[in-house]
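Data block below; observations after.
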Amino acid sequence: MIDFWKRFSRNRSAVFGLAILVAVLFVATIASLIYPEDPFRLAGKPLSGPGLNGFLLGSDSLGRDVASGIAHGAKTSLLIGLIATLAAVFIGIIFGAFSGYYGGRIDDLLMRITEIFQTIPSFVFAILLVAIMKPSIESIVIAITVVSWPGVARLVRAEFLSLKNREFVQACHTLGMSDLRIMLREILPNCLSPIIVIGSLMVATAILIESGLAFLGLGDPNIMSWGFQIGAGRTMLRSAWWVCTFPGIAILITVLAINLVGEGLNDALNPRLRERQ
Amino acid sequence: MKIINLLGTAVLVTLLSLFGVAHAQKSGGTMVFLVQPEPPTMAGYVSTSGPIGLLAPKIYEGLFDYDTAGKMIPVLAESYEMSADGKTVTFKLRKGVSWHDGKPFTSADVQFSIMNVLKEVHPRGPNSFKEVSSIDTPDSHTAVFNLDNPAPYMMRAFSAYESPMVPKHHLEGQDLKGAKLGNNPVGTGPYKFVEWKKGQYIRLDKNEDYWGSDGPYLDKIVGRFVPDASTRTAAMENGEVLYAAYNAIPNIDAVRLKERDDIGVTTDGYSMINPMALIEFNTKEGPFVDAAVRRAISTAIDRQFMIDTIFFGYGKPATSALSSNFSATGLHAEMPNYPANGDIAAANKILDDAGYAKDGNGVRMKGTFDLIPYGEDWRRGGEYLKQVLGDIGIQVDLRYEDVPTWLKRIYHNYDFEMNLNYFYQLSDPVLGVHRHYGTNMIRKGTHFVNSSRYSNPELDKLLRAGMTQPDATKRAAIYKDIQTILAEDMPVVNLFELEFLTVFNTKLKDAYGSAMGAYASFGNAWLDD
Chain W
1 MIDFWKRFSR NRSAVFGLAI LVAVLFVATI ASLIYPEDPF RLAGKPLSGP GLNGFLLGSD
61 SLGRDVASGI AHGAKTSLLI GLIATLAAVF IGIIFGAFSG YYGGRIDDLL MRITEIFQTI
121 PSFVFAILLV AIMKPSIESI VIAITVVSWP GVARLVRAEF LSLKNREFVQ ACHTLGMSDL
181 RIMLREILPN CLSPIIVIGS LMVATAILIE SGLAFLGLGD PNIMSWGFQI GAGRTMLRSA
241 WWVCTFPGIA ILITVLAINL VGEGLNDALN PRLRERQ
Chain L
1001 MKIINLLGTA VLVTLLSLFG VAHAQKSGGT MVFLVQPEPP TMAGYVSTSG PIGLLAPKIY
1061 EGLFDYDTAG KMIPVLAESY EMSADGKTVT FKLRKGVSWH DGKPFTSADV QFSIMNVLKE
1121 VHPRGPNSFK EVSSIDTPDS HTAVFNLDNP APYMMRAFSA YESPMVPKHH LEGQDLKGAK
1181 LGNNPVGTGP YKFVEWKKGQ YIRLDKNEDY WGSDGPYLDK IVGRFVPDAS TRTAAMENGE
1241 VLYAAYNAIP NIDAVRLKER DDIGVTTDGY SMINPMALIE FNTKEGPFVD AAVRRAISTA
1301 IDRQFMIDTI FFGYGKPATS ALSSNFSATG LHAEMPNYPA NGDIAAANKI LDDAGYAKDG
1361 NGVRMKGTFD LIPYGEDWRR GGEYLKQVLG DIGIQVDLRY EDVPTWLKRI YHNYDFEMNL
1421 NYFYQLSDPV LGVHRHYGTN MIRKGTHFVN SSRYSNPELD KLLRAGMTQP DATKRAAIYK
1481 DIQTILAEDM PVVNLFELEF LTVFNTKLKD AYGSAMGAYA SFGNAWLDD
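If you read the sequences in order, they're chains W and L.
Numbers 1 to 277, taken from this note's numbering, label the letters of the first sequence in order.
Numbers 1001 to 1529, taken from this note's numbering, label the letters of the second sequence in order.
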């Protein structure tokens, strides 16, 4: 663990990203403490500028507090990012593991299915899915999962293909281990590092997709999110810049932080890079 | 000498006045205006869809138009005469009018338009001409309407938008909804259809053989389709388009453009449309079956706040089930339970008195609130209303779906509890308001009728009486009773009268004069340079 942290901290920007991410996580956890009211609450004079009428970052067209929205939106964004990514990684591992390990017909079948999903532009597909299911937090998570898993499946399949003929796997075969056990206990742990890296980057993508959907009015109307704030404020960009600027900055730095952390993980976990140092 | 002088002065005055007239209205030029969104067809006799209304009345004409005071202006009919019992209406039609293809316009066209087209396929025609049992055509320029009962409201439905006269020789014996005329309109109006470039524009040219003595003055009018709102605003700003009605320019931009000298903004021209924002309740099942709850909701809402924050000050708080625009005919009466600024305390008291106690979290009841999926403004409205309802202990979840799903939910399946919506109240309550409340208007599957399934025999009787009562004072009394009942029962809570905005370049003159506003003909419009 210490060894891992040493390698991770060698990448300065990764540490910087981690610091921001921790800060965002902190804001998300204490959102209900610093802003106990509903973020949709009409808190005061509409379209107050930052610092005016008791609004730290201004208020939007209905008089809702932008800062409160950002704090509560952080929770939404991170939660959606995390859950969707976990689900996508899970599905991706199942598809990738089976098709990589068994090959042949099963591989063909599973990869053709994966390709069907890969050929549709992911954001358009997500819009379609949410529009069909009615915008809600569940449908958004499902949509993001559905468009994200094929990448993981491809990666896991490639790892399995390269690992399945190694000596240690063959040794397992001769010991009479079951296929499932070999997959889960022997091969999978050996390809975890690239999965962790791609997973961390997928969290960032998931946040962006959620924001994009909310921006287009396909967010859950009962849940505050950054994309919703930007969508609601974009028509008045010329007269009330703060309504969408601050949530925009929040998305920017969060996604940046996650990407930096992802790169740091890549450096720390990738054995080839390890040797390069 | 004196006489000659006088004569000379007279000639001079005449010349000057002639010159003046010539100066006042210049001929020529192309007028580009925004049509948003692109219409599906140009068949105004089949659909009342907004964008069709912006184009078709330039090509087709009605028997009458209405000025801003509501007075009838003769168009294809020169005059009408109503029998003493109100059951026979005789129209004298204008002579020398021809269709754009050269065929003469006759009483047979009127008969065909009303009986075979409007009464059959028009969304509101069956209602407007419900009482018309037959039309006689004693000669080619007289049409006699035979009515089962007096129908005073019918006289307000003769505009080109509401009841266009269509050429019999192009439609007879055809499938009306699929006829070729739908996309290649042939009318009698001041402009002729020339070209429809899908996704770009529709071009109409001046009708050189128009029957009117003055106008049309413009050589060409072009309706452009621009899907993106900020591009539309930019086109208006740089003078590319001269006219944009029905909020084609968003309110927030209109407020900004108003400051410029060369751009004007008006709310005129919508009194015959009369849009009203409202909440429909399911009165048969769910949490809002009790009228007291609905009254409490109406009492709590700060209507002025919604107008100020969401519609930038354009709108008027509702004060009864009828729009205040009906004051012109004496039908509107102010009612209690519609406070302009909302009264949370009073609303809470109504609910307390009705026995709905708050639980530990201050919640009396829960529900789902559907929002009309017509854009961001309505979402903001829903978000505001959710907060207000929370203040009086009604916790709602917002639901925002796509248009077909929403229509199906509200008007086919009645699978809703409360619904934010807006209705056109039109030029007479019979045309636009009755459909909301009458028991006979509980029509499963028909859009924009009585989805509350509110049914009150007493009200039904009053509605029937209001429909056939020709006397204005008696009619006003009937509608006062109607509004009193509705202010008490509130199957629908009226929020505010929407005010649509028309943004125009000040180069464009006389685009108005008709109560139909943008749904009128542009027949007198001209360009000043």
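Backbone N, C-alpha and C define an ideal beta-carbon position, used for all residues, glycine too.
Notebook entry, point to check: Going along the region 1333-1347 of chain L in order, which residues come within less than 8 Å of chain W, judged by CB to CB distance?
Noted result: Listed by position, the residues of the region 1333-1347 of chain L near chain W (Cβ gap below 8 Å) amount to none.
Margin query: For residue 1401 of chain L, list the residues DSSP reports as bridge partners.
Written below: Looking up residue 1401 of chain L in the second sequence gives position 401. For residue 1401 of chain L, which the question treats as bridged, DSSP gives no partner whatsoever.
Margin query: My output table needs one value for residue 267 of chain W: the three-state DSSP class, helix, strand or coil.
Written below: Here the question's residue 267 of chain W lines up with position 267 in the first sequence. Residue 267 of chain W sits in a helix when the DSSP states are folded into three classes.
Notebook entry, point to check: Under the three-state reduction of DSSP, which class applies to residue 67 of chain W: helix, strand or coil?
Noted result: Reading the first sequence from its first residue, position 67 is the one you call residue 67 of chain W. Residue 67 of chain W falls in the helix class under three-state DSSP.
Item checked: Inter-stretch contact at 8 Å, needing at least 3 Cβ pairs: the region 1170-1179 of chain L / the region 1072-1088 of chain L -> Result no; under three Cβ-Cβ pairs closer than 8 Å.
Notebook entry, point to check: residue 1021 of chain L CB to nearest chain W CB: under 8 Å?
Noted result: Along the second sequence, read from residue 1 onward, the residue named residue 1021 of chain L stands at position 21. Interpretation of residue 1021 of chain L is limited by its pLDDT of 47, a score under 50 that renders its predicted location unreliable; the figure taken from the coordinates is listed afterwards. No, residue 1021 of chain L does not count as interfacial toward chain W.
Note to self: Am I right that residue 202 of chain W and residue 85 of chain W are in contact with their C-beta atoms under 8 Å? What's the rounded C-beta distance?
What the structure shows: On the first sequence, residue 202 of chain W is found 202 positions in, with the first residue counted as 1. On the first sequence, residue 85 of chain W is found 85 positions in, with the first residue counted as 1. Going by Cβ atoms, the distance from residue 202 of chain W to residue 85 of chain W rounds to 5 Å, so yes, they are a contact pair.
Check: Can you round the beta-carbon distance between residue 258 of chain W and residue 204 of chain W to whole angstroms, since I take them to be within the 8 Å contact cut?
Finding: Residue numbering aside, residue 258 of chain W sits at position 258 when the first sequence is read from its first letter. Residue numbering aside, residue 204 of chain W sits at position 204 when the first sequence is read from its first letter. Contact between residue 258 of chain W and residue 204 of chain W is confirmed by a C-beta separation of about 4 Å, below the 8 Å threshold.
Notebook entry, point to check: What does a CB cutoff of less than 6 Å around residue 18 of chain W pick up in its chain, not counting 5 residues either side in sequence?
Noted result: Translated into the one-based positions of the first sequence, residue 18 of chain W becomes position 18. Short of 6 Å from the beta carbon of residue 18 of chain W, and not among the five residues preceding or following it, lie these beta carbons of its own chain, in chain order: 261.
Note to self: Would you say residue 1401 of chain L lies against chain W (beta-carbon separation less than 8 Å)?
What the structure shows: Stepping through the second sequence from its first residue, residue 1401 of chain L is reached at position 401. Closer than 8 Å: yes.
Item checked: Interface positions of the region 213-247 of chain W facing chain L (Cβ-Cβ less than 8 Å), listed along the chain -> From the region 213-247 of chain W, only 217, 221, 222, 231, 232, 235, 236, 238, 239 have a Cβ closer than 8 Å to chain L.
Notebook entry, point to check: By DSSP, does residue 1220 of chain L sit in helix, in strand, or in coil?
Noted result: Reading the second sequence from its first residue, position 220 is the one you call residue 1220 of chain L. The answer is strand: DSSP assigns residue 1220 of chain L an E or B state.
Checklist line | Close-in-space but distant-in-sequence residues of the same chain around residue 217 of chain W (CB under 7 Å, 5 per side omitted) | finding: The residue labelled residue 217 of chain W in the question sits at position 217 within the first sequence. Cβ neighbours of residue 217 of chain W beyond the five flanking positions: 231.
Check: Of all Cβ atoms in chain W, is any one closer than 8 Å to the Cβ of residue 1387 of chain L?
Finding: Indexing the second sequence from 1 puts residue 1387 of chain L at position 387. Nearest CB-CB separation between residue 1387 of chain L and chain W: below the 8 Å threshold.
Margin query: Please report the straight-line C-alpha distance between residue 1146 of chain L and residue 1162 of chain L, rounded to a whole angstrom.
Written below: As a first step, residue 1146 of chain L must be located in the second sequence, where it is residue number 146. As a first step, residue 1162 of chain L must be located in the second sequence, where it is residue number 162. The alpha-carbon of residue 1146 of chain L is positioned some 20 Å away from that of residue 1162 of chain L.
Notebook entry, point to check: On the three-state DSSP scale, how would you describe residue 1095 of chain L?
Noted result: Locating residue 1095 of chain L in the second sequence gives position 95, where the first residue counts as 1. Correct three-state label for residue 1095 of chain L: coil.
Note to self: My assumption, with CB atoms under 8 Å, is that residue 44 of chain W sits in contact with residue 59 of chain W. Please give the rounded CB distance.
What the structure shows: In the first sequence, the residue the question calls residue 44 of chain W occupies position 44. In the first sequence, the residue the question calls residue 59 of chain W occupies position 59. Here residue 44 of chain W really is in contact with residue 59 of chain W; their C-beta atoms are around 6 Å apart, less than 8 Å.
Check: In the structure shown, what three-state DSSP assignment does residue 254 of chain W receive?
Finding: Locating residue 254 of chain W in the first sequence gives position 254, counting from the first residue. In the three-state DSSP reduction, residue 254 of chain W falls in the helix class (H, G or I).
Next item on the list: Report the neighbours of residue 1382 of chain L on chain W: residues whose CB is nearer than 9 Å to its CB, in chain order.
Entry: Mapped onto the second sequence, residue 1382 of chain L falls at position 382. Within chain W, the residues 221 have their CB atoms less than 9 Å from the CB of residue 1382 of chain L, given in chain order.
Item checked: Per-residue DSSP class, three states only, for residue 1021 of chain L -> If you number the second sequence from 1, residue 1021 of chain L lands on position 21. At residue 1021 of chain L the pLDDT is 47, less than 50, meaning the model places this residue with poor confidence and gives no usable figure here.
Notebook entry, point to check: beta strand (DSSP E) containing residue 1074 of chain L: first to last residue?
Noted result: For the purposes of this step, residue 1074 of chain L is taken as residue 74 along the second sequence, with counting starting at 1. Its beta strand (DSSP E) spans residues 1072-1074.
Checklist line | Buried versus exposed, by CB contacts within 10 Å (16 or more), residue 1447 of chain L | finding: One-based indexing of the second sequence puts residue 1447 of chain L at position 447. By the C-beta density criterion, residue 1447 of chain L is exposed, having fewer than 16 other C-beta atoms within 10 angstroms.
Checklist line | For residue 194 of chain W, the nearest candidate out of W:221, W:233, W:152 (CA to CA) | finding: Locating residue 194 of chain W in the first sequence gives position 194, where the first residue counts as 1. When only C-alpha atoms are compared, the closest one is W:152.
Check: Closer than 7 Å, Cβ to any Cβ of chain L: which residues of the region 131-147 of chain W, in chain order?
Finding: Residues 131, 134, 135.
Check: Under a Cβ-count criterion, where at least 16 other Cβ atoms within 10 Å of its own Cβ denotes burial, should residue 1410 of chain L be classed as buried or exposed?
Finding: Counting from 1 along the second sequence, the entry for residue 1410 of chain L is found at position 410. When all chains shown are included, residue 1410 of chain L counts as buried.
Item checked: Among L:1427, L:1505, L:1080, L:1489, nearest to residue 1273 of chain L - alpha-carbon criterion -> Here residue 1273 of chain L corresponds to residue number 273 of the second sequence, with the count starting at 1. Of L:1427, L:1505, L:1080, L:1489, the residue nearest in Cα terms is L:1427.
Check: Using a beta-carbon distance below 8 Å, is residue 68 of chain W in contact with chain L?
Finding: Taking the first sequence and counting its residues from 1, one reaches residue 68 of chain W at position 68. Interface annotation, residue 68 of chain W: not in contact with chain L, CB-CB separation never under 8 Å.
Margin query: To the nearest angstrom, how far is the alpha carbon of residue 1124 of chain L from that of residue 1451 of chain L?
Written below: Residue mapping note: residue 1124 of chain L aligns to position 124 of the second sequence, counting from 1. Residue mapping note: residue 1451 of chain L aligns to position 451 of the second sequence, counting from 1. Using only the alpha carbons, I get a separation of about 17 Å.
Next item on the list: Note down, in chain order, each residue of its chain lying with its Cβ closer than 8 Å to the Cβ of residue 1142 of chain L, except the 5 sequence neighbours on either side.
Entry: The sequence position of residue 1142 of chain L within the second sequence is 142, counting from 1. Within the same chain, and ignoring the five residues on either side of residue 1142 of chain L in sequence, the residues whose Cβ sits closer than 8 Å to its Cβ are 1090, 1091, 1092, 1093, 1107.
Item checked: From L:1434, L:1492, L:1442, residue whose alpha carbon lies closest to that of residue 1462 of chain L -> Locating residue 1462 of chain L in the second sequence gives position 462, counting from the first residue. In this structure, L:1434 is the residue among L:1434, L:1492, L:1442 with its C-alpha nearest to the C-alpha of residue 1462 of chain L.
Item checked: Cβ distance (whole Å) where residue 1188 of chain L is taken to contact residue 1165 of chain L below 8 Å -> Mapped onto the second sequence, residue 1188 of chain L falls at position 188. Mapped onto the second sequence, residue 1165 of chain L falls at position 165. So it is a contact: roughly 7 Å between Cβ atoms.
Item checked: Opening and closing residue of the beta strand (DSSP E) in which residue 1203 of chain L lies -> Numbered from 1 along the second sequence, position 203 holds the residue referred to as residue 1203 of chain L. Here the beta strand (DSSP E) through residue 1203 of chain L covers 1201-1206.
Notebook entry, point to check: Counting Cβ pairs, one atom from each stretch, are 3 or more of them under 8 Å apart for the region 1508-1524 of chain L and the region 1295-1315 of chain L?
Noted result: No, because fewer than three Cβ pairs between the region 1508-1524 of chain L and the region 1295-1315 of chain L fall closer than 8 Å, the two stretches do not touch.
Checklist line | Bounding residues of the beta strand (DSSP E) (the contiguous stretch that carries residue 1389 of chain L) | finding: By one-based count along the second sequence, residue 1389 of chain L stands at place 389. Not the beta strand (DSSP E): residue 1389 of chain L falls in the alpha helix (DSSP H), residues 1376-1391.
Notebook entry, point to check: Mind pulling the chain L residues with CB within less than 8 Å of residue 61 of chain W?
Noted result: By one-based count along the first sequence, residue 61 of chain W stands at place 61. 1309, 1310, 1380, listed in chain order.
Note to self: Can you tell me whether residue 1496 of chain L is helix, strand or coil according to DSSP?
What the structure shows: In the second sequence, the residue the question calls residue 1496 of chain L occupies position 496. Looking at residue 1496 of chain L - three-state DSSP - the assignment turns out to be strand.
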